[in-house]
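Each residue of the sequence shown is one higher than the one before, counting from 1 in my numbering.
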Amino acid sequence: MRYEIDEQAQILWADLVSAGSADRVLEAMLALIGARPELCGWDWIIECYPLPQDATADHLKILSEAWGPPPAVEAITVFVTQDKLLHLWARALDFQFTRRKHLIARDVDGARDLIEKRRSLRRAR
């Protein structure tokens, strides 16, 4: 799985498609948050079109159980996809990851815009 960590912006970008299988994605994510638990409180951009065909609810359950404590401020994950129904799955994930909102964008620039809009709203409070 390819990923980049933007320390200054505190954004993790990952390309799930490059990992191939859901097992590889899970293994890479577990290793990443195990080594850098603070990433669980950062905003994420996940390129995931198409999703690994072998992804199951069990993969998400394992990931959510390995997740660290909820961040002090709501963080977001933006899935970059052309899948028009992925927003339904993303909404369900909101309940598995405390203080994390899951959104959808069509491209990485749109994902970055969503992150900036959410951060602006946080600052305005």
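For every residue, glycine included, the Cβ atom is placed at its ideal position computed from N, Cα and C.
By the neighbour-count definition (other C-beta atoms within 10 Å, threshold 16), leucine 85 is an exposed residue. Scanning Met29, Ile45 and Tyr3 for the CA closest to the CA of aspartate 107 turns up Ile45.
Straight across, the Cα-Cα distance linking arginine 2 with arginine 125 is about 35 Å. Beta-bridge analysis with DSSP links lysine 101 to Ile76.
Counted as a single uninterrupted DSSP element, the beta strand (DSSP E) harbouring alanine 14 occupies residues 11–15. Given a length threshold of 4 residues, each whole run of the alpha helix (DSSP H) inside the segment 26–94 is given here in chain order: 57–66 and 86–93.
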